Structures are given as structure tokens and as C-alpha cells.
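Working notes for the structure below.
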Amino acid sequence: MIPLAEDVLAGQTRAIARAISRVENGHPDKEALIDALYPHGGTSLILGLTGPPGSGKSSLLDLLIDKERSAGKSIAVIAVDPTSPFSGGAILGDRLRMQKHATDDHVFIRSMASRGHLGGVAGATSDAIKVLDAAGFDIIIIETIGVGQTEIDIVELSDIVMLVLVPGLGDEIQALKAGVMEIGDIFIVNKSDRDDADKVKAHIEYVLNFKYMEKPDQKNPIVMTSAVKQDGINTLRDTIQTYYQTILNNGMLEQKRKQRIKAEIKNLITAKIKSKVEAFLHDQGSIEAMVDGLYEKKRSPYAIINEKLNRFLQEKQSI
Ligand SMILES: Nc1nc2c(ncn2[C@@H]2O[C@H](COP(=O)(O)OP(=O)(O)OP(=O)(O)O)[C@@H](O)[C@H]2O)c(=O)[nH]1
Ligand SMILES: [Mg+2]
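For the sequence shown, the working numbering begins at 9 and goes up steadily by one.
Put into C-alpha cells, the structure is as follows:
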């Protein structure tokens, strides 16, 4: 086994950080590293934490880390895209919070830029999760800002998605109707110290009532929190535990994890084939010849494409 994998399995913080850098940068050892680590994973609970900028995700996370540490649990956090233009002021706060845990080997916090990854940030995050899982963290939390497609791809990597909403979102509350509700397993109404927090809760309940009209027993939990007042954090922790037990017992966790594996297989195979084909077309420079042949109507499209594809398959007997 490559030495770095052994150090990750031994839980060495620096090795874990280095391994994540390798998966992020597409290091030549990346695949061997992940393959060596993968069989040792499967024990971490993976939580997604998402919500609009400034809704208090990092503040809640900080309190949750304290609670889990008091209970003897180890916890790793990947914060995706903390450099979003919306979050300017929050970065300093995040750094200060991180420092608090800097000397604790059982807390690992890592930021990941949302751009500049070979294979996309969801792929890099997925591999980073495998590293942390193999390193033996009890809980892995993925924090993402917003609810765009990239964020949805990322939170789908988690076993339980927590969606943070706050009073005063204005128009954004409309987004609740447009499918955002679909991704949340546990709804957190943070800033419950503010007016109108009850209205947000009522609104979520209203939407969920429609969604679960026929199966009210499966309705998602809603937790009221105030990170500044440190209210509701124990309830949040209990809610996560209960939800986890429920999906473990009713088979949803297994189903979710298998779906995730299936999606990853498809993504990885598709991405690999795509890059091979692109390199093949590029190498030969022959795409221009094809363009000319088609432009001048000397060739027909499907004939020329199938001919090219057959040549590709003959040449590429293996990856
Ligand atoms: N009143 C009130 N303010 C809060 C609460 N939680 C967080 N805040 C404040 O909201 C601001 C943003 O908090 P963060 O924890 O950085 O929010 P975030 O969701 O991580 O922000 P981004 O990472 O930028 O998306 C900070 O000024 C917090 O002090 C709360 O429960 N009540
Ligand atoms: Mg944050």
C-alpha cells in the first residue's frame, strides 16, 4: 500500500490534508490512493449542511462540533466555496472558529474552492469524503452555500441533508416552492431569536403537508435554532440521531448510498470515456478533415462518425 494511505488510515492529520490535496489536484497517485482507502470506509455519517449565504451554517456547525466533541465523537468538515462573493465578511469569522479547533486531532476542517477541479467539485468532494471516511471520522459534514445545481450535486453526496432557512429571506422563500424543499431531510429554522421565525416554520410545514399528504408519518423534522443564543442545538443533535436511526432501520440509508454509488459509477465512466475521445479527436487533428468532408458534402454524417468511432474502439483496447 502507498505510504500516504497508511498514514491516512492511522488518522494522521497532515496525511489526511495531503491526501485531500492529491484528490483535488488530480495527482497521478489519486486513483491508487482512493482504491487503497475505500475498503476501510463506510463507518462515517455524512451530513450535508446547505442554505442561503449568511443563514448561520458555520455558526451552527461550530456549536455542533462542540457538542459532538463533548460526546467523544470525531468530526470532519468540508466547506465548499467559502470564497463566494456573497460571503466576504464571513470568512474571517470562519477562520477564527477554525482556530479554536486547530489543536484538536479529532476535528478536521477543510475549505474547498468550487472551481478548478478536474472532474468538477462534486467529484473532488466525493473523493475527499472517501479519504475522511477511511480516516475514521464519526461524522463528516459538507457545508455548501446556496441551492444551485452544483450545491445539489454536492449535498447529494450526504446521507442526511440539513437545509438552513432564516426569517427575512423575502423573495428567496419563494424558492421553497421551486424544488429546494426536495433536497432537505431536516429543516433548520435558524435565527429563531428574530421575529417571524415562526412564520418560516409555518411556511415549511405548509409545503411539507402537501408533499407528504399521503404519508404524514414520513414528514421531515423541522428544528428551530438560534446560533447566537445557542438555542436548539441539543434538539438538532437529537433530531439528526433519530433521523439516522430511522433511515438505517427502514432501508433508506442503504438505498441512498447505493444510488450514490450508481451515480458515481456512471459519472466516472462517462467522464473517462469523454476525455479519451476528446484526446483521440484532438491527437489526430482529423476532426478538421471530418468537418471539411461534411461541409463539402463528400461524406455523410453518421457514416463518418461511426467510422471514426470504430477506429477509436480498435485503437483503445484498454484505458
Ligand atoms: N440573530 C442571529 N444571528 C445569527 C444567528 N446565527 C448566525 N447569525 C449571524 O449571521 C451571520 C452569518 O453567520 P454565518 O455562520 O457565517 O453564516 P453562514 O451561513 O455560514 O454564511 P456563509 O458561509 O457566508 O454562507 C453572522 O453575523 C452571525 O453572527 C442566529 O441564530 N441569530
Ligand atoms: Mg459559512
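Heads up, the beta-carbon is just placed ideally off N, CA and C, and yes, glycines get one too. As the structure is a prediction and not an experimental result, all values here were calculated from the model.
Cβ neighbours of I149 in the same chain (closer than 6 Å, five flanking residues each side left out): To locate residue 149, count along the sequence shown from 1; it is residue 141. Cβ neighbours of I149 beyond the five flanking positions: L55, L57 and V85.
Distance cut-off 8 Å: S122 Cβ against heavy atoms of ligand 2: Reading the sequence shown from its first residue, position 114 is the one you call residue 122. No - ligand 2 has no heavy atom lying nearer than 8 Å to the Cβ of S122.
Nearest-angstrom Cβ-Cβ length linking T250 and V231, presumed shorter than 8 Å: Taking the sequence shown and counting its residues from 1, one reaches residue 250 at position 242. Taking the sequence shown and counting its residues from 1, one reaches residue 231 at position 223. Rounded, the Cβ-Cβ distance is 11 Å, inconsistent with contact.
Check whether K284 and K324 have beta carbons under 9 Å apart: The sequence position of residue 284 within the sequence shown is 276, counting from 1. The sequence position of residue 324 within the sequence shown is 316, counting from 1. Their beta carbons are under 9 Å apart, which means K284 touches K324 by this criterion.
Close Cβ partners of T247 (< 8 Å) along its chain, the five nearest in sequence each way excluded: As a first step, residue 247 is located in the sequence shown; it is residue number 239 there, counting from the start. The answer, listed in chain order, is I194, P229 and V231.
Same chain, Cβ closer than 6 Å to F288, neighbours up to 5 away in sequence not counted: Here residue 288 refers to the residue found at position 280 when the sequence shown is read from its first residue. Taken in chain order, the residues that qualify are F320.
Close beta carbons around E159, own chain, < 6 Å, minus the five adjacent residues each side: Looking up residue 159 in the sequence shown gives position 151. If we look at E159 and ignore the five residues flanking it on each side, its Cβ neighbours are T58 and T152.
Rounded C-alpha distance that separates K25 from I168: Position 17 of the sequence shown, counted from the start, is the residue given in the question as residue 25. Position 160 of the sequence shown, counted from the start, is the residue given in the question as residue 168. Before going further, note that residue 25 is Ala rather than Lys in the sequence given. If you take the alpha carbons of A25 and I168, they lie about 24 Å apart.
beta-carbon K199 near ligand 1 non-hydrogen atom, thresh 8 Å: Indexing the sequence shown from 1 puts residue 199 at position 191. Result yes, Cβ under 8 Å from ligand 1.
Beta-carbon spacing of K65, V163 below 9 Å: Stepping through the sequence shown from its first residue, residue 65 is reached at position 57. Stepping through the sequence shown from its first residue, residue 163 is reached at position 155. No, the Cβ-Cβ distance between K65 and V163 is not below 9 Å.
Buried or exposed by the 16-neighbour rule on C-beta atoms within 10 Å, applied to V299: Numbered from its first residue, the sequence shown carries residue 299 at position 291. Its Cβ having fewer than 16 others within 10 Å, V299 is exposed.
Contact belief for N198 with V174 at Cβ below 8 Å, rounded distance in angstroms: Residue 198 sits at position 190 when you count from the first residue of the sequence shown. Residue 174 sits at position 166 when you count from the first residue of the sequence shown. Going by Cβ atoms, the distance from N198 to V174 rounds to 5 Å, so yes, they are a contact pair.
CB contact below 9 Å: L177 versus chain B: Given the protein chain composition of this structure (a single chain), no chain B is represented.
Exposed unless 16 or more other CB atoms sit within 10 angstroms - verdict on M9: If you number the sequence shown from 1, residue 9 lands on position 1. With fewer than 16 other Cβ atoms inside 10 Å of its own Cβ, M9 counts as exposed.
Assigned secondary structure, A84 (DSSP; H/G/I helix, E/B strand, else coil): As a working note, residue 84 is residue 76 in the sequence shown. When DSSP states are grouped into helix, strand and coil, A84 belongs to the strand group.
Simplified DSSP assignment, three categories, for D3: It is not possible to answer for residue 3, since the shown part of the chain is limited to 9 through 327.
Cβ-heavy atom distance, V108 to ligand 2, below 8 Å: Your numbering for residue 108 matches position 100 in the sequence shown. Checking the displayed sequence, the identity of residue 108 turns out to be Lys instead of Val. It does not: the Cβ of K108 is nowhere closer than 8 Å to a heavy atom of ligand 2.
Reduced DSSP category for I113 - H, G, I as helix; E, B as strand; rest coil: The residue given as residue 113 occupies position 105 in the sequence shown. The sequence shown places Asp at residue 113, rather than the Ile named in the question. D113: coil per DSSP, three-state reduction.
Bridge partners - S119, DSSP secondary structure assignment: Residue numbering aside, residue 119 sits at position 111 when the sequence shown is read from its first letter. Under DSSP, S119 shares a beta bridge with A87.
Helix, strand or coil at K219 according to DSSP, with G and I counted as helix: By 1-based counting over the sequence shown, the position of residue 219 is 211. In this structure, K219 counts as helix in the three-state DSSP scheme.
The stretch 140-147 contacting the stretch 43-52, beta-carbon criterion three pairs below 8 Å: Three or more Cβ pairs closer than 8 Å define a contact, and the stretch 140-147 meets that threshold against the stretch 43-52.
Which of helix, strand or coil DSSP assigns to S234: For the purposes of this step, residue 234 is taken as the residue at position 226 of the sequence shown. Secondary structure at S234: strand, using DSSP grouped into helix, strand and coil.
I153 beta carbon near ligand 1 (any heavy atom closer than 8 Å): As a first step, residue 153 is located in the sequence shown; it is residue number 145 there, counting from the start. Checking every heavy atom of ligand 1 against the Cβ of I153, one is found closer than 8 Å.
Closer than 8 Å: S294 CB and nearest ligand 2 heavy atom: Within the sequence shown, the letter at position 286 stands for residue 294. At a threshold of 8 Å, S294 does not count as near ligand 2, since its beta carbon sits no closer than that to any of the ligand's heavy atoms.
Straight-line gap, S326 to E286 (C-alpha atoms, nearest Å): As a working mapping, residue 326 is identified with position 318 in the sequence shown. As a working mapping, residue 286 is identified with position 278 in the sequence shown. Between the alpha carbons of S326 and E286 lies a distance of about 16 Å.
Proximity test, T158 beta-carbon vs ligand 1 heavy atom, cut-off 8 Å: Here the question's residue 158 lines up with position 150 in the sequence shown. For ligand 1, not one heavy atom lies less than 8 Å from the Cβ of T158.
Distance between G259 and S234 (C-alpha atoms, nearest Å): Looking up residue 234 in the sequence shown gives position 226. Looking up residue 259 in the sequence shown gives position 251. Whole-angstrom Cα-Cα distance: 32 Å.
Cα-Cα separation, I28 to A136: Against the sequence shown, residue 28 aligns to sequence position 20. Against the sequence shown, residue 136 aligns to sequence position 128. In this model, I28 and A136 are separated by some 5 Å (Cα to Cα).
Proximity to K219 [Cα-Cα], best of S200, G192, A205 and S166: Here residue 219 refers to the residue found at position 211 when the sequence shown is read from its first residue. Per the C-alpha coordinates, the member of S200, G192, A205 and S166 positioned closest to K219 is G192.
Supposed contact pair D37 and I83 - C-beta distance, whole angstroms, cut 8 Å: Counting from 1 along the sequence shown, the entry for residue 83 is found at position 75. Counting from 1 along the sequence shown, the entry for residue 37 is found at position 29. Taking the Cβ atoms as the reference, I83 lies roughly 27 Å from D37, outside the contact range of under 8 Å.
L276: CB within 8 Å of a non-hydrogen atom of ligand 1: Here the question's residue 276 lines up with position 268 in the sequence shown. False, no ligand heavy atom lies under 8 Å from that Cβ.
Coil, strand or helix - M9 by DSSP: Start at 1 with the first residue of the sequence shown, and residue 9 comes out as number 1. M9: coil per DSSP, three-state reduction.
For I327, the three-state DSSP class (helix, strand or coil): Numbered from 1 along the sequence shown, position 319 holds the residue referred to as residue 327. In the displayed model, I327 falls within coil according to three-state DSSP, outside both helix and strand.
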